[in-house]
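Engineer: Note that the sequence shown covers residues -28 to -1, 1 to 273 in mature numbering (1 follows the signal peptide of the UniProt record, and there is no 0). Idealized CB from N, CA, C, for every residue including glycine. Here you go, one structure.
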Amino acid sequence: MGFYRKLVLFPFLLVLFTSFEPPHVAEAASDYSTLVYKGCSKDSFTDPNGVYSQALSALFGSLVSQSTKTKFYKATSGSGQNTITGLFQCRGDLSNSDCYNCVSRLPVLCDKLCGKTTAARVQLLGCYILYEVAGFSQISGMQMLYKTCGSTNAAGRGFEERRDTAFSVMENGVVSGHGFYATSYQSLYVMGQCEGDVGDSDCGECVKNAVQRAQVECGSSISGQVFLHKCFISYSYYPNGVPSRSSSSSASFSSSSSGQNPGKTAAIILGGVAAVAFVVICLLFARSLKKKRDGMSYMSQ
């Protein structure tokens, strides 16, 4: 009976260890294609010969193709008065494939949301694209384009102090990180990013300006986003602690200095356990066969 139980147990253990998948970390970038806001010029360009349309189409094609290998790219299409300048930028924690998937949605959205305007900007959670025709009036890099604050206010005292400390860490981090920084601090998750061609010093000033806007505009709200022309910041407060999340690029949502992949570690540990279990079961199986042979030998004497 003991031998029979071991035979039944063996396939069960084998299935258990070979079909187990290491725990997956929830993805923060799964909603990167969600529309945040759009900005469309009030002026439409006249295009009887289709020159602007061709230049804009070529510009979009160039931007989308580059999104497979970089997170920021600026390009120009057309010539003279028909020149159109544009760029895209992906969030710093997106993988190349997610960046491409995000950016590739934007040309259609631009046309759908803005039409043939002289300038347009469409911002998704994970990326944005903008273009301007030659001669379009420029705006300050500190110009606020969009902001949103969570409808819930933080309960209890000390929230704003913790938030401001997290902001301070982010302000320093975005400079040392050359334009992108994200971290968690005492149940707060903060992120800041500057446009790819902004220098470190100007980036720090832009993010500092965005932080001040968030402090004034959002107050004790548990979350907020502020988009200036050349940078953006976002923050979220989690009373029960910042959940461990990551994008498909495996960038950790919560700060960690270990740099270890928990799924890979779990897989290694489980692999070792499975190997040991397999060896033990084989030994038990061999031992049972030996006992059975010994018993048969004894009966034949």
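#1: Quick one: what does DSSP say His185 is sitting in, helix, strand or coil?
#2: Does Gln61 pass the burial test, meaning 16 or more other C-beta atoms within 10 Å, or should it be called exposed?
#3: Give the range of the alpha helix (DSSP H) segment to which Ser208 is assigned.
#4: Check Phe131 in the structure and name its three-state DSSP category.
#5: Hey, would you say Phe199 sits closer than 8 Å to Tyr103, going by beta carbons?
#6: Provide the residue span of the alpha helix (DSSP H) that contains Gly33, from first to last.
#7: Spatial neighbours of Gln273 within its chain, please: C-beta separation below 7 Å, excluding the five flanking residues on both sides.
#8: Quick check on DSSP: helix, strand or coil for Leu66?
#9: Do the stretch 7 to 14 and the stretch 87 to 99 meet, that is, are 3 or more Cβ pairs less than 8 Å apart?
#10: Below 8 Å, can you find three or more Cβ-Cβ pairs linking the stretch 26 to 42 to the stretch 63 to 75?
#11: Based on the DSSP output, what are the partners of Leu160 in its beta bridges?
#12: Helix, strand or coil, according to DSSP, for Gln53 in the structure here?
#13: On a Cα-Cα basis, can you pick out the residue from Phe17, Asp136, Val80, Leu59 that is closest to Val188?
#14: When you compare only the Cα positions, how much space is there between Cys86 and Leu59?
Structural biologist: So, to answer that:
#1: Checking the sequence shown, residue 185 turns out to be Arg, not His. It is helical.
#2: buried
#3: Looking at the DSSP string, Ser208 is not in any alpha helix (DSSP H); the run it does join, the beta strand (DSSP E), is 203 to 209.
#4: helix
#5: no
#6: 23 to 38
#7: Low per-residue confidence applies at Gln273: pLDDT is 42, beneath 50, and the placement is therefore not dependable, though the value from the model is reported in the following sentence. Closer than 7 Å at Cβ, skipping near neighbours: no residue.
#8: coil
#9: yes
#10: yes
#11: Tyr157, Tyr209
#12: helix
#13: Asp136
#14: 16 Å
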